[in-house]
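What follows is a short report on a single structure.
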Amino acid sequence: MGRVFFDTRKNVHTLTAAYQVLASDSGKVFMLNGASGFNVTLPTTLEDGLFYKFISTDTTADVQILSTTDIMDVVGLDSETDVGFSGAGTAKGKIIMETAGHKSQYVNLYCDGTSWYAEGMASVDDGITVAAA
907 MGRVFFDTRK NVHTLTAAYQ VLASDSGKVF MLNGASGFNV TLPTTLEDGL
957 FYKFISTDTT ADVQILSTTD IMDVVGLDSE TDVGFSGAGT AKGKIIMETA
1007 GHKSQYVNLY CDGTSWYAEG MASVDDGITV AAA
């Protein structure tokens, strides 16, 4: 008897305008079409185990991922220069998928019930920046 795999497809949601992420969206992959630029706001209630992935599909304008609480321990790599995201560090509440970036750059966000933790990869130096909200 062969193997059976369940849930092998990701739940993908394309965003083209402002969106309030819900706890029930946990596990989703958000494709960010930034043709007109917009904000994505994370859930206001932090819950252990929340996870979201954000991938740029168009970087014509900035897409900002906003948190009402600080995003902590942001780590990542700008692949062109092999250095961390611009402005990375603690007490940051905004991640910006910049127009300087390219399709396929991404950020994964994880929550431990107290803070958000982010990691990802940018296609160019400063393709993704983090800043105070």
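For my numbering, count along the sequence shown from 1 and bump the result up by 906. Virtual Cβ for every residue (Gly too), placed ideally from N, Cα, C. Keep in mind that this is a model prediction, so the values were computed, not measured.
(message) Could you tell me the alpha carbon to alpha carbon distance between Asn945 and Arg909, rounded to whole angstroms?
(response) Cα to Cα, the separation comes out at about 42 Å.
(request) Check Ala929 in the structure and name its three-state DSSP category. (result) Ala929 sits in a helix when the DSSP states are folded into three classes.
(message) Using 8 Å as the threshold, is the C-beta distance between Val927 and Pro949 below it?
(response) With a cutoff of 8 Å on beta-carbon distance, Val927 and Pro949 are scored as near each other.
(request) Out of Ala924, Ala929, Lys1009, Leu938, point me to the one whose CA is closest to Val918's CA. (result) When the alpha-carbon of Val918 is set against those of Ala924, Ala929, Lys1009, Leu938, the nearest one is in Leu938.
(request) Can you tell me which of the three DSSP states Val1030 falls into? (result) Secondary structure of Val1030 (DSSP, three-state): coil.
(request) Figure out for me which residue from Lys1000, Tyr1016, Tyr1023 has the closest Cα to the Cα of Thr1035. (result) Of the candidates Lys1000, Tyr1016, Tyr1023, the one whose C-alpha sits nearest the C-alpha of Thr1035 is Lys1000.
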